[in-house]
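Engineer: Dropping the structure in here first, questions after.
Number of protein chains: 4
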Amino acid sequence: MIVVMVRGASREQIEDVEKRIQDWGYGVHPIYGEERTVIGAVGVPEADKARYMESLEALPYVEQVLAILRPYKFASRELHPEGTVVDVKGVMVGGSQIALMAGPCTVETYEQTLESAQACRAAGATILRGGAFKPSTSPYSFQGHGEAALKILREIADKLEMRVITEVMDPRNVEMVCQYADILQIGTRNMQNYDLLREAGRVQTPVMIKRGMWAKIEEWLQAAEYVLLGGNPNVMLCERGIRTFETYTRNTLDLSAVPAVKELSHLPVVIDPSQGTGKRSLVEAMCKAAVAVGADGLLIEVHPHPEQALKDGPQSLTTADFGGLVERLRPVAAAVGRQL
Amino acid sequence: MIVVMVRGASREQIEDVEKRIQDWGYGVHPIYGEERTVIGAVGVPEADKARYMESLEALPYVEQVLAILRPYKFASRELHPEGTVVDVKGVMVGGSQIALMAGPCTVETYEQTLESAQACRAAGATILRGGAFKPSTSPYSFQGHGEAALKILREIADKLEMRVITEVMDPRNVEMVCQYADILQIGTRNMQNYDLLREAGRVQTPVMIKRGMWAKIEEWLQAAEYVLLGGNPNVMLCERGIRTFETYTRNTLDLSAVPAVKELSHLPVVIDPSQGTGKRSLVEAMCKAAVAVGADGLLIEVHPHPEQALKDGPQSLTTADFGGLVERLRPVAAAVGRQL
Amino acid sequence: MIVVMVRGASREQIEDVEKRIQDWGYGVHPIYGEERTVIGAVGVPEADKARYMESLEALPYVEQVLAILRPYKFASRELHPEGTVVDVKGVMVGGSQIALMAGPCTVETYEQTLESAQACRAAGATILRGGAFKPSTSPYSFQGHGEAALKILREIADKLEMRVITEVMDPRNVEMVCQYADILQIGTRNMQNYDLLREAGRVQTPVMIKRGMWAKIEEWLQAAEYVLLGGNPNVMLCERGIRTFETYTRNTLDLSAVPAVKELSHLPVVIDPSQGTGKRSLVEAMCKAAVAVGADGLLIEVHPHPEQALKDGPQSLTTADFGGLVERLRPVAAAVGRQL
Amino acid sequence: MIVVMVRGASREQIEDVEKRIQDWGYGVHPIYGEERTVIGAVGVPEADKARYMESLEALPYVEQVLAILRPYKFASRELHPEGTVVDVKGVMVGGSQIALMAGPCTVETYEQTLESAQACRAAGATILRGGAFKPSTSPYSFQGHGEAALKILREIADKLEMRVITEVMDPRNVEMVCQYADILQIGTRNMQNYDLLREAGRVQTPVMIKRGMWAKIEEWLQAAEYVLLGGNPNVMLCERGIRTFETYTRNTLDLSAVPAVKELSHLPVVIDPSQGTGKRSLVEAMCKAAVAVGADGLLIEVHPHPEQALKDGPQSLTTADFGGLVERLRPVAAAVGRQL
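Printed below as a string of structure tokens:
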């Protein structure tokens, strides 16, 4: 922790800051520059740093306080140099095999879900995605079929030997959703829903945390830290586009987040090109890029009849599109030493 | 709803779109331009629009679908031309009196809260703010004292004849928090936590919805629509800064949101300059601007000793600062025909 | 300058960094923390800092380099504690009188400009704005009447005893525009057009630098530094909205930039609510807020017949609106100890 | 063009809008909805649209005006279905061969440039990049060696049979730079420097327009339209990252811009992962993604000794890194049917 004093800070003011740091039990290393005095504080543990930094920054004679270390621990690669491979009942996410998660945006009916799931399975997907609880900007939009949809997902997944990933929004539903799902998805709007994250930390079901559309990578890793700290080590991340000024795409899919997370953290990273672009015509190119950039999985919306979809039709691939896409992705995966 | 066909759409494709619209029971008005055919759909009700728009946009021969009407109804000024005044047990928000909501970021102890509250009350604040449940980016930061803090808030507010505003984060806590609070605050990270919004719509306690740091005004009003549609008419909004590329301030406080919301909606708007800037030195100027721009209330962090605060010290005013600030705000309020 | 070494940096690597800093002639102050070594460098002059920081950051065993001082000097308030008042041939910008700059977006005809200017003058404006060279996103939009428009502006301003502010876009035109204009406006798209800034630094005509719609405050002040370093001390800044994700307004007018610039710099700050919002209906409220927040001037688009304007009609006030607006702004100015 | 009237617009107001459109010579198609009247205008040519839209939007009884067609013509794929291949003296950009543009950020000395260029050439680069005129946020940073640097670039490129790409910032220098360069680079800060774009439209030297860090894809294509309309058909685009709230990377590299531009336009698209990320450690992964997503070229900073670079060392690859990178990119190119 580096404390920068204001220009012209007095001897007393400098000593006051030094004394505060020493009172907390840490070492003090002042540097007297020509224009500013800077005080290094050594030995401040992670758990107290945020609080002490704010406390010093609140002093009128402190200009700024700079952090030196990253604000997360269990999520960091420093303390966990090997990449984590999450075991989803035998389907691995984070290994050399890239995980294909595909299915409809929303579970509408058994037939629609089955038709989509069969096509996805045939093309190579091993994890079935489908929404039972849907976060919708408008209260007038479809909100999902809830537990009934979870039953459909489970039944179809079992029949096709797939795993199930589905979103949970309400902390009250975490346990119930765990009865049906193999991966709990925390949606972009809930990345900083701390009560939900805490509940997800209490179970052992793998959790996939989507990046908040407003979230810095560092904040995203701190969301993961909530779950890891809670005791659930089975965490994966999903980049699904951030909000920028661009309006041609629904979001701006930040593929640099993959190598960035890989150098900061040991957690696997999945890419969602459907939400990330909001346009079916861009999905294939972004899937290829995601595989090449090092993503550990792809999450893709596939609907037998996108124009009849209750939600997100414009970004869903048809089941026919999807098969061809996977074929074209395989050589890209091979080119970077992975399989699909 | 205006459907724009792709260039060169065939006769059959145009008729297919027309037929779909007619099958939903709506009127069809095609315009044959030189480069594109455009089809107007008349009579589509609000509740179905989002779904139908997506469904048409999913067709490969539709280029885009444009909405004509706003995606909210109960929140709109069109259907409610008079501005809403929310009655918080006799303290009005939205009338000619500007509501002053002040107090510490977080309830730390009874004494600290009382000292802050007394100073705020003496300066003219009628609503006591204070955090019992704190959303913190880091799991290692202080998370609030929970129900114990609520009791402190209630006791002090009753003693000083103030009202209480405090944040609720977990839908499971809405009822409990209502026992202590006069206004439920929905925080920025929870603006699209729909289960929480739905719970807030089931009670009659006034609700203040902070704008998501990533949220367009239109999305913010749809969050309000969730609560209004649920049956709770006592909704106010709070602008607390949006996330931009600027790093000197913690957020970018969007004051144009006040007149913008006023022309779109009848709901009162409160400004939070403490969160909005993250810097104590900018709070006074932004309070003056907020009053001048037409805000119905101010939400200000005041701490007796900001450098000892457990959270957000750098943006808290001292109790001494606060009294002077209110004095200097009064002539600005008068200049725009309001009182403070 | 604070150099943070990577975790586990070796003795040799630390010494290499120390040696580099010493070779540049500066003092070295290492702090050996538990997880990282941090090296303070003392005495690095402003002019070399950026280069040295990048050079160290390029070393694989350096994690990051943190700056302590602000990257500008002539623009900083530290070296110039008094606020600057720019003298525009007797009209002061930066004093207790708030400067009113008003007129049409674009000079279309002599009559239109005269009609607008007379109304603005009558209402209290002392500086006439009007575009002769227009930056237009589309090459098919109106690009301005060039020098002919400058002649019209000068003639009308002289007749009405006003000053002229107008945009210059091409470094080749700076001298020519100086023959007609009293303030050179550098537009938002040219805030980092360094050849243009350098030309503006070679003259003594006052310069108003609009904030780039993508620019951090620190970068904006560095643009001012280019002009000041060039030898022209007559610099003012203009906040005109930054680009964010919000689409209801054309830009997000960042009023916190006024007190922020005031604490960092001595330069006057003008607000442009017309560009800043892009909507006539929001201009009045934002003018009031701008005056209350401490702006030194307002730049407002006024057109006798906005619906016939060649450009920016939707954000122009009518001449009738403008008179009433100024009346309503006067008490706000008085409330913060200014005149208008 | 679709004109949406305000709710409750009167018969006279609707007729006024219709009359204006008819007076301009266009067809009028009103749709009388239940809540709004909407008027379609047919036959409005591109060149007049922007102006007419603004003019109608300025009317108080018009709520909004929606465009149907794209605001560019020569840049659009509709009018030029085949992808453009720019011929840079025999080196093709836009064909099946991906163009490798590499070299130092800045030309510092003959030796440094030669060392970098030889390594780049050996690895397969055919176009030598290097800055002679450098846009620097700080006036104290290195600004480039100007024409002397251009001579070095030309001499080395001729010796190694490479082509030269270099930035031009000042419209006065376009002709001079054309004497040395094979591609004129318009930098991100100058994407809307219209005088510069117009000069670039007057020559036949290929032009590469970097996306403004604040620019929507539609605005970027309009910048290209300036050059194309001026008479220079040899235009390519370069995505180099946009400005967002993320601070871990210097910019957010928007790879979805590649397929997006490909569906809107026929112009080739190059990716700059060095500027796009600002971090050497992320460059390789983003190069792979760029190739997989369909980029027509890569622009990469390579320096023999990044830690001695005068500029942008942290994002430069070493010459040794670069050779290995190209080897690892070749199978990715092959996987998407391209060569490198």
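Chains as they are written, first to last, in the numbering used here: chain X, 1 to 340; chain S, 341 to 680; chain Z, 681 to 1020; chain U, 1021 to 1360.
Glycine included, every Cβ here is placed at the ideal spot set by N, Cα and C.
1) Within 8 Å of any Cβ in chain S, is that where the Cβ of residue 58 (chain X) sits?
2) So the candidates are X:148, X:146 and X:104; which of them puts its Cα closest to the Cα of residue 128 (chain X)?
3) Can you give me the start and stop residues for the beta strand (DSSP E) that residue 1107 (chain U) sits inside?
4) What is the rounded straight-line gap between the Cα of residue 558 (chain S) and the Cα of residue 237 (chain X)?
5) How big is the Cα-Cα spacing for residue 422 (chain S) and residue 1270 (chain U)?
6) Given a threshold of 16 other Cβ atoms within 10 Å of its Cβ, counted over all protein chains shown, does residue 943 (chain Z) qualify as buried or as exposed?
7) Would you call the stretch 810-823 of chain Z in contact with the stretch 987-996 of chain Z, where contact means no fewer than 3 C-beta pairs closer than 8 Å?
8) Rank S:609, S:595, S:636 and S:643 by C-alpha distance to the C-alpha of residue 626 (chain S) and give the top, closest one.
9) Checking contacts by CB at 8 Å: is residue 318 (chain X) closer than that to chain U?
10) What residues of chain C sit near residue 585 (chain S), judged by a beta carbon separation below 8 Å?
11) Compile a chain-ordered list of the residues in the stretch 1182-1207 of chain U whose CB is closer than 8 Å to at least one CB of chain X.
12) Can you tell which of U:1093, U:1035 and U:1074 has its C-alpha closest to the C-alpha of residue 1250 (chain U)?
13) Just to confirm, are residue 1220 (chain U) and residue 1346 (chain U) a CB contact at a threshold of 8 Å?
14) On a CA-only basis, which of S:486, S:498 and S:481 is nearest residue 461 (chain S)? Give me that one, please.
15) Which residue from Z:1008, Z:1019, Z:1011 and Z:999 puts its Cα closest to that of residue 793 (chain Z)?
16) Assign residue 362 (chain S) to one of two classes, buried (16 or more other C-beta atoms within 10 Å of its C-beta) or exposed (fewer than that).
17) Using beta carbons (cut-off 8 Å, strictly below), is residue 1320 (chain U) in contact with chain S?
18) Taking 8 Å as the CB-CB cut-off, is residue 928 (chain Z) touching chain U?
19) Tell me the DSSP bridge mates of residue 756 (chain Z)?
20) Which residues in chain S sit within 8 Å of residue 936 (chain Z), going by Cβ to Cβ distance?
21) Just checking: is the beta-carbon of residue 293 (chain X) within a distance shorter than 8 Å of some beta-carbon in chain U?
22) Where DSSP assigns a beta bridge to residue 381 (chain S), which residues make up the other side?
23) As a quick exercise: from X:50, X:321, X:24 and X:245, pick the residue whose alpha carbon is nearest that of residue 300 (chain X).
24) Residue range of the beta strand (DSSP E) that residue 506 (chain S) falls in?
25) Can you name, in chain order, every residue of its own chain whose Cβ lies under 8 Å from the Cβ of residue 186 (chain X), other than the five neighbours on each side?
26) Check whether the Cβ atoms of residue 180 (chain X) and residue 150 (chain X) lie closer than 8 Å to each other.
27) Measuring straight from C-alpha to C-alpha, what distance separates residue 1223 (chain U) and residue 1252 (chain U)?
28) With a threshold of 8 Å between beta-carbons, can residue 699 (chain Z) be considered close to chain U, or not?
29) Just confirm the distance between the C-beta atoms of residue 1288 (chain U) and residue 1106 (chain U), as a whole number of angstroms; I'd bet it's less than 8 Å.
30) From the beta carbon of residue 271 (chain X), is the nearest beta carbon of chain Z less than 8 Å away?
31) With burial defined as no fewer than 16 other Cβ atoms inside 10 Å of the residue's Cβ, what is the status of residue 253 (chain X): buried or exposed?
32) Within a Cβ cutoff of 7 Å, which residues of the same chain sit near residue 35 (chain X), ignoring the five residues on either side of it in sequence?
33) If you reduce the DSSP assignment to three classes, tell me which class residue 1020 (chain Z) lands in.
34) Check residue 21 (chain X) in the structure and name its three-state DSSP category.
35) Which of the three DSSP states is assigned to residue 1321 (chain U) in this structure?
36) Nearest CA to the CA of residue 357 (chain S): which residue from S:399, S:391, S:389 and S:388?
Structural biologist: If we stick to the structure as given:
1) Indexing the first sequence from 1 puts residue 58 (chain X) at position 58. It does; some Cβ of chain S falls within 8 Å.
2) For the purposes of this step, residue 128 (chain X) is taken as the residue at position 128 of the first sequence. Of X:148, X:146 and X:104, the residue nearest in Cα terms is X:104.
3) The residue labelled residue 1107 (chain U) in the question sits at position 87 within the fourth sequence. From DSSP, the beta strand (DSSP E) with residue 1107 (chain U) extends over 1106-1108.
4) As a first step, residue 558 (chain S) is located in the second sequence; it is residue number 218 there, counting from the start. As a first step, residue 237 (chain X) is located in the first sequence; it is residue number 237 there, counting from the start. Cα to Cα, the separation comes out at about 29 Å.
5) The residue given as residue 422 (chain S) occupies position 82 in the second sequence. The residue given as residue 1270 (chain U) occupies position 250 in the fourth sequence. Approximately 47 Å between the Cα atoms of the pair.
6) The sequence position of residue 943 (chain Z) within the third sequence is 263, counting from 1. With fewer than 16 other Cβ atoms within 10 Å, it is exposed.
7) yes
8) For this step, residue 626 (chain S) is matched to residue 286 along the second sequence. Closest option to residue 626 (chain S), Cα to Cα, is S:595.
9) In the first sequence, counting from the first residue as 1, residue 318 (chain X) sits at position 318. Output row for residue 318 (chain X): interface = no.
10) Looking at the structure shown, chain C is missing, and the protein chains on hand are X, S, Z and U.
11) none
12) The residue given as residue 1250 (chain U) occupies position 230 in the fourth sequence. Closest option to residue 1250 (chain U), Cα to Cα, is U:1093.
13) The count along the fourth sequence starts at 1 and reaches residue 1220 (chain U) at position 200. The count along the fourth sequence starts at 1 and reaches residue 1346 (chain U) at position 326. Contact: no.
14) Locating residue 461 (chain S) in the second sequence gives position 121, where the first residue counts as 1. Per the C-alpha coordinates, the member of S:486, S:498 and S:481 positioned closest to residue 461 (chain S) is S:498.
15) The count along the third sequence starts at 1 and reaches residue 793 (chain Z) at position 113. When only C-alpha atoms are compared, the closest one is Z:999.
16) Counting from 1 along the second sequence, the entry for residue 362 (chain S) is found at position 22. Residue 362 (chain S) is exposed by the Cβ-count criterion.
17) Position 300 of the fourth sequence, counted from the first residue, corresponds to residue 1320 (chain U). The C-beta of residue 1320 (chain U) comes no closer than 8 Å to any C-beta of chain S.
18) Counting from one through the third sequence, the residue named residue 928 (chain Z) turns up at place 248. Judged by the 8 Å Cβ criterion, residue 928 (chain Z) is not in contact with chain U.
19) Residue mapping note: residue 756 (chain Z) aligns to position 76 of the third sequence, counting from 1. Looking at the DSSP assignment, residue 756 (chain Z) forms a beta bridge with Z:945.
20) Within the third sequence, residue 936 (chain Z) is the residue found at index 256, counting from 1. What residue 936 (chain Z) touches in chain S: 589, 592, 593, 616, 617, 622, 625 and 626.
21) On the first sequence, position 293 is the one that residue 293 (chain X) refers to. Interface residue, yes.
22) Locating residue 381 (chain S) in the second sequence gives position 41, counting from the first residue. Looking at the DSSP assignment, residue 381 (chain S) forms a beta bridge with S:368.
23) Start at 1 with the first residue of the first sequence, and residue 300 (chain X) comes out as number 300. It is X:321.
24) Locating residue 506 (chain S) in the second sequence gives position 166, counting from the first residue. Here the beta strand (DSSP E) through residue 506 (chain S) covers 503-507.
25) What you label residue 186 (chain X) is simply residue 186 of the first sequence in a count that begins at 1. By the criterion of a C-beta distance shorter than 8 Å, residue 186 (chain X) is surrounded in its chain by 167, 168, 193, 196, 197, 200, 207, 208, 209, 210 and 223, once the five residues flanking it on both sides are discounted.
26) Working through the first sequence from its first residue, we reach residue 180 (chain X) at position 180. Working through the first sequence from its first residue, we reach residue 150 (chain X) at position 150. Closer than 8 Å, so yes.
27) Stepping through the fourth sequence from its first residue, residue 1223 (chain U) is reached at position 203. Stepping through the fourth sequence from its first residue, residue 1252 (chain U) is reached at position 232. Straight-line Cα distance between these residues: approximately 6 Å.
28) Within the third sequence, the letter at position 19 stands for residue 699 (chain Z). It does not; no Cβ of chain U falls within 8 Å.
29) What you label residue 1288 (chain U) is simply residue 268 of the fourth sequence in a count that begins at 1. What you label residue 1106 (chain U) is simply residue 86 of the fourth sequence in a count that begins at 1. With a Cβ gap of about 6 Å, residue 1288 (chain U) and residue 1106 (chain U) count as contacting.
30) The residue labelled residue 271 (chain X) in the question sits at position 271 within the first sequence. So no, residue 271 (chain X) is outside the interface.
31) Here residue 253 (chain X) is taken as the residue at index 253 of the first sequence, counted from 1. Flag for residue 253 (chain X) reads buried.
32) Here residue 35 (chain X) is taken as the residue at index 35 of the first sequence, counted from 1. For residue 35 (chain X), where only same-chain residues beyond five positions count, the Cβ hits under 7 Å are 7.
33) On the third sequence, position 340 is the one that residue 1020 (chain Z) refers to. Of the three classes helix, strand and coil, the one that applies to residue 1020 (chain Z) here is coil, per DSSP.
34) Locating residue 21 (chain X) in the first sequence gives position 21, where the first residue counts as 1. It is helical.
35) Looking up residue 1321 (chain U) in the fourth sequence gives position 301. Strand.
36) Counted from its first residue, the second sequence places residue 357 (chain S) at position 17. Residue S:399 is the option with its Cα nearest to residue 357 (chain S).
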